[in-house]
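Trainee: Take a look at the following structure, please.
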Amino acid sequence: MDRRGFIGSCTAGAACASAASWPALAADARPKAYARALLVDEQGDPVRASRLQVATNYVFHYPFEATPVFLLDLGKPAAPQTLSTQNRDAYAWPGGVGALRSIVAFSAICAHQLVYPTRDVSFISFRKTRAQRGVQDQLIHCCAEHSQYDPARGAQVLAGPAPQPLCAVLLAHDARADSLTAYATLGGELFDAFFRKYEMKLSLDVGPRARSAVSGQAVVRELSRFCRNPVQC
Ligand code: FES
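Here it is, written out as structure tokens:
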């Protein structure tokens, strides 16, 4: 099987499990495994996938203590997509998880100039409805230079200067427990550039654990609870 055939054969259920054994693929084209982290609420109880509010911005941090991720229930199935990074490495996003296959997660670090949600302000978020002319609804929108990403299509770029989709965070759904576990990223990671750019700020905001790997569990909060000023442009 050639590379294109392999990419096309990666399906939602398989989550490209065999990708790690395919040496010809670029690193960003394969899922990159990190420590597993069960998604929990602020009380430490496992998040129930079926109880997520549809079209609501949730945030957790993964795979590092300082790297934010959007968790979204789109309310409709998100089908697998073949996407490509800025370096033109194709990868197969496996689609949504959960009973409806509607739950997705993406790094909340904008692929253009690394804008991200902090506790003080967020210029990037999912828009349930359009806020102004030119801003589409049901997309993740970055107010900095108006990059727009479609979370139903693996965070593919639909508008703006972003050169690649948001990096996906892969989730496993335990149907019996109705729980969610983050276990890998897929696509163009920007964590090295993020830590370089915000080294000083992260050391002040998060402290020495900013680059520590998340493991065991990750706390999920609504963006409106995590961030004091979610900007709607
Ligand atoms: S940083 Fe997001 S569009 Fe420029």
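Counting from 1, position 162 in the sequence shown corresponds to residue 161 in numbering that gives the first Met the number 0; the numbering is continuous, with no gaps.
Heads up, the beta-carbon is just placed ideally off N, CA and C, and yes, glycines get one too.
1. Around the C-beta of cysteine 226, are 16 or more other C-beta atoms found within 10 angstroms, so that it is buried, or is it exposed?
2. Tell me the start and end of each unbroken alpha helix (DSSP H) in the region 26 to 85 that is at least 4 residues and wholly inside, in chain order.
3. Between which two residues does the alpha helix (DSSP H) harbouring phenylalanine 193 extend?
4. Leucine 179: which of Pro30, Asp27 and Ala36 sits nearest, CA to CA?
5. Cβ of cysteine 141 versus every heavy atom of ligand 1: is any distance shorter than 7 Å?
6. To the nearest angstrom, how far is it from the Cα of alanine 98 to the Cα of glutamine 42?
7. Hey, tyrosine 182 and alanine 167: beta-carbon distance below 8 Å or not?
8. Aspartate 149: buried (16+ other C-beta within 10 angstroms of its C-beta) or exposed?
9. Can you tell me which of the three DSSP states arginine 126 falls into?
10. The beta strand (DSSP E) spanning serine 106 covers which residue range?
11. Taking all protein chains shown into account, do 16 or more other C-beta atoms lie within 10 angstroms of the C-beta of leucine 203, making it buried, or fewer, making it exposed?
12. Rounded to whole angstroms, what's the CA-CA distance from alanine 154 to arginine 118? Just pull it up for me.
13. Whole angstroms is fine: what's the gap from valine 213's alpha carbon to glutamine 52's?
14. Smallest Cα separation from leucine 72: which of Pro62, Phe59 and Arg50?
15. Using alpha carbons as the reference points, say which of Val46, Pro93, Asn56 and Gln85 lies closest to threonine 184.
16. Taking the straight line between their C-alpha atoms, what separation do you get for leucine 157 and valine 230?
17. Any idea what DSSP makes of proline 229, helix, strand or coil?
18. Using the three-state DSSP reduction, which class does arginine 152 fall into: helix, strand or coil?
19. Check whether the Cβ of proline 160 sits closer than 7 Å to any heavy atom of ligand 1, and report yes or no.
Mentor: The relevant details are as follows:
1. buried
2. none
3. 190 to 196
4. Ala36
5. yes
6. 24 Å
7. no
8. buried
9. strand
10. 102 to 106
11. exposed
12. 23 Å
13. 24 Å
14. Reading the sequence as shown, one finds aspartate at residue 72 and not leucine. The shortest Cα separation from aspartate 72 among Pro62, Phe59 and Arg50 belongs to Arg50.
15. Pro93
16. 20 Å
17. strand
18. helix
19. yes
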